[in-house]
Amino acid sequence: MNQPAYHPARYDAAAVDVHRPVSLAPAPAAPPVPVQPGGIPSVASVVLPDGRVVTGYAINPAQPEPLAAKPVVSRTAVNVALGGVAFLAVCGGLILLTSFIATLTAFITQLITLAAVIFGGWIAVQIFSANGHQGGTTVNIRKAVIKRNKFYS
34 MNQPAYHPAR YDAAAVDVHR PVSLAPAPAA PPVPVQPGGI PSVASVVLPD
84 GRVVTGYAIN PAQPEPLAAK PVVSRTAVNV ALGGVAFLAV CGGLILLTSF
134 IATLTAFITQ LITLAAVIFG GWIAVQIFSA NGHQGGTTVN IRKAVIKRNK
184 FYS
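In terms of my numbering, the sequence shown is residues 34 to 186.
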């Protein structure tokens, strides 16, 4: 109700901007791509029993890729065989190493035993020989009397 009435004289025509589309220059056409003569499939037409004609492209059956010559023995079998040979070689080396260590241990044990026997025999000879007291003094006490912490012989 209290809205101002529209008066066309109030609006200045210069204040309105009009935008018109500008035509663009046409894009240059792409050069035609040459087509191989065998690249376009042939068109085949089939007449159905009721008289209709169906036209379409002929589908050539897919040709399988030529098979590469397979080796007589597969690579997997060769790799497994080589792995087995390597494993056997390692096991043989470990058996030899174990045998060497056991032999060396037995030899060292025999050397220690021999040294103990020789050293023990030398000690026994020193203890039980008759010539063991050549440089010492022998004291024979037959009857001793001890009075007031003094020794009388």
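Note that CB positions come from ideal geometry on N, CA and C, so glycine has one too.
In the three-state reduction of the DSSP assignment, A77 falls in the strand class. Per DSSP, G89 is not a residue of any alpha helix (DSSP H); the beta strand (DSSP E) it occupies stretches across 86-90. For R108, the three-state secondary structure derived from DSSP is helix. DSSP places V55 in the coil class of the three-state scheme, outside both helix and strand.
Pairing P99 with R108, the inter-Cα distance amounts to about 21 Å. Here DSSP, grouped into helix, strand and coil, assigns A157 to helix. When rounded, the separation of the alpha-carbon atoms in N112 and I128 is 24 Å. Distance from the CA atom of V118 to the CA atom of A101, rounded to whole angstroms, is 30 Å. Beta-carbon to beta-carbon, V76 and Y90 are separated by about 6 Å, close enough to satisfy the 8 Å threshold.
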